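Participant: Sharing a structure here in structure tokens format.
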Amino acid sequence: MTDEAYPKTLYVGNLDQSVTEDLLCALFGQMGAVKSCKIIREASSDPYAFIEYASHQSAQTALAAMNKRLFLKKEIKVNWATSPGNQPKTDTSQHHHIFVGDLSPEIETETLREAFAPFGEISNCRIVRDPQTLKSKGYAFVSFVKKAEAENAIQMMNGQWLGSRSIRTNWSTRKPPAPRENTKGIKSGKTPGFEEIYNNTGPTNTTVYCGGFPPNTISDNLIKTHFGQFGSIHDVRVFKDKGYAFIKFISKE
């Protein structure tokens, strides 16, 4: 199989505000020839970048050498910009694809993948970006190997809050649906309050996503003890190493 079948572009996150493309290109150029380097700067988050190498081997070497390394006093995050892993891209044409809409602009591929990972094996996870600015267009596609797992993900994640917005999930179509207008009282980029969330979620949605914990600091008992005071809990799914959990209540109230 030719080198063209393997990924060559890396995502580099958690960069210092003072970083420049020349500096980043010089640093990652030590691992091999760099074809392009683009830093994305957004007011609400640290800069991140996409680095494309001339060969997969160079990109693979850079990933192994640079992930979690200190650069300008910050621990940078390095991962594949598209399909993670060192294997050639899998043929996902027969897999089951989910459309994820109303995605917050700050959500990265890794965060999206972690949110859907509890439901089964994900073969592909892709946030659609503007080809010029590389900014998120507000929607993504998540592919599952098994149809039942994709169906469960659609049911459980539709209407859940991810970042600063309530996401939509449905089966993928050829053309993504038009973005939903902002719900009355909810402004893009504004963290919604309890009343806004409650009034704009369906009556059958009783599952809560709770994330942002340091790895290996939460447990079933801790989650049940803390959230049990708000109502009867039907089920709890804790992902200790990822620092998040799903809590399913008996009722919406």
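Heads up, the sequence shown is in full-length UniProt numbering, so the first residue is 1 and it goes up one at a time.
Even for Gly, the Cβ is constructed at its ideal location relative to N, Cα and C.
The structure displayed is predicted, hence computed values, not measured ones.
Between I154 and Q160, how many whole angstroms is the CB-CB distance? I'm expecting something under 8 Å.
Facilitator: So it is not a contact: roughly 11 Å between Cβ atoms.
Participant: Nearest CA to the CA of V12: which residue from V19, A59, F50 and T169?
Facilitator: That would be F50, whose Cα lies nearest to the Cα of V12.
Participant: By Cβ distance below 7 Å, which residues in the same chain neighbour V236 in space, the five residues on each side in sequence not counted?
Facilitator: These residues qualify, in order along the chain: D220, I223, K224, A245 and I247.
Participant: Would you kindly work out how many angstroms separate the C-alpha atoms of S18 and A140, rounded to a whole number?
Facilitator: Using only the alpha carbons, I get a separation of about 30 Å.
Participant: I'd like the list of long-range same chain contacts for V238, defined as Cβ closer than 7 Å, with 5 residues on each side in sequence excluded.
Facilitator: Around V238: I218, S219, D220, I223 and A245.
Participant: State the start and end residues of the unbroken beta strand (DSSP E) segment that holds R168.
Facilitator: R168 to W171 is the span of the beta strand (DSSP E), which, as asked, contains R168.
Participant: Taking the runs of the beta strand (DSSP E) that are 3 residues or longer, which of them lie wholly in the stretch 15-47?
Facilitator: Counting only runs of 3 or more, we get 34-42.
Participant: Just mark Q60 as buried or exposed, buried being the case when its beta carbon has 16 or more other beta carbons within 10 Å.
Facilitator: It counts as buried.
Participant: Would you identify the three-state DSSP class for R165, choosing helix, strand or coil?
Facilitator: Strand, per DSSP.
Participant: Is the stretch 18-35 touching the stretch 93-102, taking contact as three or more C-beta pairs under 8 Å?
Facilitator: The stretch 18-35, when compared against the stretch 93-102, does not touch it at the 8 Å Cβ threshold.
Participant: Assuming K74 and N67 are in contact, meaning their beta carbons sit under 8 Å apart, how far apart are those beta carbons, in whole angstroms?
Facilitator: That belief does not hold up - the Cβ atoms of K74 and N67 are roughly 13 Å apart, past 8 Å.
Participant: Taking the beta carbon of F116 as the centre, do at least 16 other beta carbons fall within 10 Å, making it buried, or is it exposed?
Facilitator: The residue is buried, with at least 16 neighbouring Cβ atoms inside 10 Å.
Participant: Quick check on DSSP: helix, strand or coil for G185?
Facilitator: At G185, the pLDDT of 42 sits below 50, so the modelled position is not reliable; the number obtained from the coordinates is stated separately. In this structure, G185 counts as coil in the three-state DSSP scheme.
Participant: State buried or exposed for N158, treating a residue as buried only when at least 16 other CB atoms are found within 10 Å of its CB.
Facilitator: Per the 10 Å Cβ criterion, buried.
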